[in-house]
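Residue numbers (our numbering): 7 to 445.
Just below is one structure, and these are the notes that go with it.
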Amino acid sequence: MEDLAPGTVLDGRFVVRRRLGAGGFGTVYLADQRVFDVTLRQVALKLFHRGLVTEANAREQLNDAVVLMRLQEEEDHPEASRHLITVLDAGFLREPEPRAFVAMEHAAGYRLAGGGTARTLRDLVDAFRPVPVELALRWITQVLRAVAWMHALDPPVLHCDLKADNVLPDGPDALKVADFGLAQLAFGAVGLWGGAGALTCQSPETLAGVEPTPASDVYSLGLLLHEVLAGRHPFHEVDLAATAAGDDEAGRRRRHVEARRTGPARLTEADNPDLVDHPLLGEVIAKCLRFRATERYGNAAVLLDEIGAYTSGGELTVSLPGVRVPEGATELRRLLAEAEAFRRRGRPAEARERAGAALARFPGEAAPHASLARLSLTPADWPAALRLCAAGLALPDLSPADAAELLDLSAEAYETGGQPSLAARMRERAAAARKGRRR
Ligand SMILES: Nc1ncnc2c1ncn2[C@@H]1O[C@H](COP(=O)(O)OP(=O)(O)OP(=O)(O)O)[C@@H](O)[C@H]1O
Ligand SMILES: [Mg+2]
């Protein structure tokens with residue numbers, strides 16, 4: 007369909023004011039909603055591609071949107087509603103030509119101090135890059151409130167197209183998630199178009215054509231958090247490579263699945279200087295982006311809890327696969343992460359204080375011994391580093407990996423102290439420990 011000119015009347019019910027944009031499903035217009043000749047309100051009117059929704063399947067394809075319309079009438083979830091674009095009407099129009107539509111609340115955007123208007127979260131990220139962590143978490147929390155509510159419904163309503171273009175600023179302090187209730191279409195659309203945007207934001211299982219679950223949305227939320235913090239989409243390069251190689255749809259999809267197997271590189275301060283103070287956030291993102299859906303946060307509500315715990319107490323509540331987590335270990339990891347952050351910032355005194363606190367609280371764990379030994383690897387302190395390693399090596403139940411690490415640190419201490427032959431012996435023992443023998 008040609009773009010509709012301002013003033014075009016659709017079935018006497020909507021009058022086009024201007025085009026807002028277009029996406030995978032169709033075109034969105036700002037329109038007046040009318041009853042007879044009375045204008046009720048302005049709406050964002052999404053007209054679907056003709057091949058996508060027909061008069062025959064409109065009822066089924068838009069079913070979730072209709073369910074949500076009804077649920078949004080119930081006012082017992084104000085926090086979720088505030089961050090959700092309200093669907094006002096849906097159905098089928100015949101004039102000027104047959105089209106399925108959804109009429110939604112129009113999000114006004116956010117007027118930027120430097121001029122211009124941010125219409126989507128992507129515009130906001132561009133304007134604020136690098137986004138301070140506190141702001142990024144405030145944004146993502148708003149998105150999560152809406153998605154968590156949807157996931158908590160019985161049966162859960164999935165989004166399946168969570169991305170920065172579907173998060174719309176509405177005034178200075180609210181973000182709203184758009185296009186909820188179109189999951190069936192979104193899932194179909196990955197197969198139909200596979201255009202750059204459609205594939206980059208999808209989970210590995212949706213790319214493979216497997217039925218999505220709430221954990222699939224969690225994957226997309228992890229990508230969103232990564233994008234907000236880094237200021238760029240983590241799989242942008244995958245798309246560029248696919249385009250450069252002239253991949254067909256299947257090739258592009260394969261390339262995307264492969265990229266998800268390893269995941270994007272962990273975020274570092276090079277991506278956002280604020281991350282120096284927030285080393286644990288990388289773990290949250292990594293958990294969202296686990297290849298296997300069962301290893302992620304189960305749904306958006308669990309992720310919301312995790313981010314809530316982090317923002318209120320600076321701690322994470324959920325342990326990570328592959329990490330031994332004894333009682334109180336969250337505290338241990340927080341202290342060590344802080345020590346590491348100070349070390350990388352070139353502030354050894356604070357780093358030692360944090361690592362020292364970790365050792366005092368968790369004397370039976372190898373990690374604080376290793377951390378403090380690493381911080382002591384200076385020409386003046388190398389004997390202290392050795393003592394710490396020795397104390398660590400004497401711990402009961404030491405794993406071969408921890409033993410190897412402490413032996414490597416001992417080797418470094420001997421090297422710093424100018425004792426290369428002892429350093430070499432320690433390296434041999436470390437290699438033996440890595441092969442499974444303890445020491
Ligand atoms: N409710 C709304 N209020 C204000 N602007 C909107 C609204 N819905 C969509 N838009 C604008 O229209 C543009 C196109 O939206 P559309 O949903 O068609 O595409 P998309 O979000 O980029 O991709 P997708 O089709 O995957 O959702 C958006 O980028 C946004 O600027
Ligand atoms: Mg959209």
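Cβ atoms here follow ideal geometry from the backbone N, Cα and C, with glycine treated the same way.
Bear in mind that the values here come from a model prediction, so they are computed numbers and not experimental data.
**Same chain, Cβ closer than 6 Å to Leu310, five either side skipped, listed in chain order** = Residue 310 sits at position 304 when you count from the first residue of the sequence shown. Closer than 6 Å at the Cβ level, and outside the excluded window around Leu310, lie Leu150, Ala154.
Exercise. What residues sit near ligand 2, counting only those whose C-beta is closer than 6 Å to one of its heavy atoms, in chain order?
Worked result: The set, ordered by position in the chain, is Gly29, Asp171, Asn172, Ala184, Asp185.
**Q.** Residue burial classification, Ser382 (beta-carbon count within 10 angstroms, cutoff 16)
**A.** Stepping through the sequence shown from its first residue, residue 382 is reached at position 376. Flag for Ser382 reads buried.
With a threshold of 6 Å (Cβ to nearest heavy atom), would Leu26 be considered close to ligand 1? Within the sequence shown, residue 26 is the residue found at index 20, counting from 1. Because some heavy atom of ligand 1 lies under 6 Å away, the Cβ of Leu26 counts as near it: yes.
Taking the continuous alpha helix (DSSP H) assigned at Ala429, which residues delimit it?
Here the question's residue 429 lines up with position 423 in the sequence shown. First-last of the alpha helix (DSSP H) with Ala429: 426 to 440.
Exercise for review: Please state whether DSSP places Ala250 in a helix, a strand or coil.
Suggested key: Locating residue 250 in the sequence shown gives position 244, counting from the first residue. It is helical.
### Task
Tell me whether Ala113 counts as near ligand 1, meaning its Cβ is closer than 6 Å to at least one heavy atom of that ligand.
Start at 1 with the first residue of the sequence shown, and residue 113 comes out as number 107. Indeed, a heavy atom of ligand 1 lies less than 6 Å from the Cβ.
Notebook entry, point to check: Ala50: beta carbon under 6 Å from a heavy atom of ligand 1?
Noted result: On the sequence shown, position 44 is the one that residue 50 refers to. Yes, ligand 1 has a heavy atom inside 6 Å of this Cβ.
Sorry if obvious, but does the Cβ on Thr92 come closer than 6 Å to a heavy atom of ligand 1? On the sequence shown, residue 92 is found 86 positions in, with the first residue counted as 1. No; taking the cut-off as 6 Å, the Cβ of Thr92 has no heavy atom of ligand 1 nearer than that.
Q: Measure the CB-CB distance between Ala152 and Leu90 and report whether it falls below 7 Å.
A: Start at 1 with the first residue of the sequence shown, and residue 152 comes out as number 146. Start at 1 with the first residue of the sequence shown, and residue 90 comes out as number 84. Closer than 7 Å, so yes.
*Drop a sphere of 10 angstroms on the beta-carbon of Gln45, count the other beta-carbons inside from all chains shown, and report buried for 16 or more, exposed for fewer.*
The residue you call residue 45 lines up with position 39 of the sequence shown. Here the sequence assigns Thr to residue 45, which means Gln is not the residue at that position. Thr45 is exposed by the Cβ-count criterion.
_Inter-residue Cα distance where the pair is Arg302 and Trp145_ = As a position in the sequence shown, residue 302 is number 296, starting the count at 1. As a position in the sequence shown, residue 145 is number 139, starting the count at 1. So the alpha carbons of these two residues sit roughly 21 Å apart.
* Asked: How close, in whole Å, do the beta carbons of Thr14 and Pro104 come, if the pair is a contact with beta carbons under 8 Å?
  -> Reading the sequence shown from its first residue, position 8 is the one you call residue 14. Reading the sequence shown from its first residue, position 98 is the one you call residue 104. Pro104 and Thr14 do not touch by the CB rule: their CB atoms are close to 15 Å apart, not below 8 Å.
Check: With burial defined as no fewer than 16 other Cβ atoms inside 10 Å of the residue's Cβ, what is the status of Thr206: buried or exposed?
Finding: Walking along the sequence shown from the start, residue 206 turns up at place 200. Buried, because 16 or more other Cβ atoms sit within 10 Å of the Cβ of Thr206.
Are Arg266 and Pro218 close, meaning C-beta to C-beta below 7 Å?
-> As a position in the sequence shown, residue 266 is number 260, starting the count at 1. As a position in the sequence shown, residue 218 is number 212, starting the count at 1. With respect to Pro218, Arg266 sits apart: the two C-beta atoms are not nearer than 7 Å.
- Task: Could you tell me whether any non-hydrogen atom of ligand 1 is closer than 6 Å to the CB of Met156?
- Result: The sequence position of residue 156 within the sequence shown is 150, counting from 1. No - ligand 1 has no heavy atom lying nearer than 6 Å to the Cβ of Met156.
| message | Nearer than 6 Å: is that true of the beta carbon of Phe31 relative to any heavy atom of ligand 1? | response | Working through the sequence shown from its first residue, we reach residue 31 at position 25. Yes, since a heavy atom of ligand 1 falls inside the 6 Å radius drawn around the Cβ of Phe31.
**OP:** Grab me the residues of Ala436's own chain with a C-beta within less than 7 Å of its C-beta, minus the 5 sequence neighbours each way, in chain order.
**Re:** Here residue 436 refers to the residue found at position 430 of the sequence shown. Ala410, Leu413, Asp414, Ala417.
_Need the endpoints of the beta strand (DSSP E) that Lys182 sits in, please._
Here residue 182 refers to the residue found at position 176 when the sequence shown is read from its first residue. The continuous beta strand (DSSP E) containing Lys182 extends over residues 181 to 183.
**Report entry** Val34 CB to nearest heavy atom of ligand 1 below 6 Å
**Finding:** Here residue 34 refers to the residue found at position 28 when the sequence shown is read from its first residue. Yes, the Cβ of Val34 comes within 6 Å of a heavy atom of ligand 1.
Practice problem: Evaluate Ser318 with the Cβ neighbour count: other Cβ atoms within 10 Å of its Cβ, from every protein chain shown; 16 or more gives buried, anything less gives exposed. | Solution: If you number the sequence shown from 1, residue 318 lands on position 312. Taking all protein chains shown into account, Ser318 has fewer than 16 neighbouring C-beta atoms within 10 Å of its C-beta and is therefore exposed.
Practice task
Label Thr123 either buried or exposed according to how many other C-beta atoms from any shown protein chain fall within 10 Å of its C-beta, with 16 as the threshold for buried.
Solution key: Position 117 of the sequence shown, counting from 1, holds the residue named residue 123. Around the CB of Thr123, fewer than 16 other CB atoms lie within 10 Å, so the residue is classed as exposed.
For Gly288, name the three-state secondary structure that DSSP assigns. Taking the sequence shown and counting its residues from 1, one reaches residue 288 at position 282. In this structure, DSSP gives Gly288 a helical state, which the three-state scheme calls helix.
| field | Sequence-distant residues of the same chain with beta carbon closer than 8 Å to Gly27, five excluded per side | value | By 1-based counting over the sequence shown, the position of residue 27 is 21. Close CB contacts of Gly27 within its chain, under the 8 Å cut and outside five residues either way in sequence, are with Thr33, Val34, Arg125 (chain order).
Cα-Cα, which of Ala315, Leu338, Glu434, Ala96 is closest to Ala64?
The residue labelled residue 64 in the question sits at position 58 within the sequence shown. Minimum Cα distance to Ala64 is reached at Ala96.
Is Asp223 near ligand 1 - that is, is its Cβ less than 6 Å away from at least one heavy atom of it?
As a position in the sequence shown, residue 223 is number 217, starting the count at 1. Checking every heavy atom of ligand 1 against the Cβ of Asp223, none is found closer than 6 Å.
**Report entry** Cβ shell of Asp17 (< 8 Å), same chain only, five flanking positions each side left out
**Finding:** For the purposes of this step, residue 17 is taken as the residue at position 11 of the sequence shown. Excluding sequence neighbours, Asp17 sits near Leu99, Arg100, Glu101.
Note to self: Between which residues of its own chain and Pro138 is the CB-CB distance below 7 Å, once the five residues before and five after are set aside?
What the structure shows: Within the sequence shown, the letter at position 132 stands for residue 138. Its chain contains Asp280 as the residues whose beta carbon lies nearer than 7 Å to that of Pro138, once the 5 sequence neighbours on both sides are disregarded; these appear in chain order.
When you compare the CB positions of Ala373 and Leu342, do they come within less than 7 Å of one another, or not? Along the sequence shown, read from residue 1 onward, the residue named residue 373 stands at position 367. Along the sequence shown, read from residue 1 onward, the residue named residue 342 stands at position 336. Between Ala373 and Leu342, the gap from beta carbon to beta carbon is short of 7 Å.
Next on the checklist: With distance defined between alpha-carbon atoms, name the residue in Val263, Leu127, His232 nearest to Val244.
Outcome noted: Counting from one through the sequence shown, the residue named residue 244 turns up at place 238. Val263 is the residue among Val263, Leu127, His232 whose C-alpha sits nearest the C-alpha of Val244.
- [ ] Run the proximity test for Arg125: is its beta-carbon closer than 6 Å to any non-hydrogen atom belonging to ligand 1?
- [x] For the purposes of this step, residue 125 is identified with residue 119 of the sequence shown, where counting begins at 1. At least one heavy atom of ligand 1 is nearer than 6 Å to the Cβ of Arg125, so yes.
- prompt: Is the CB-CB distance between Leu235 and Leu273 below 7 Å?
  reply: Translated into positions along the sequence shown, residue 235 becomes position 229. Translated into positions along the sequence shown, residue 273 becomes position 267. Going by C-beta atoms, Leu235 is nearer than 7 Å to Leu273.
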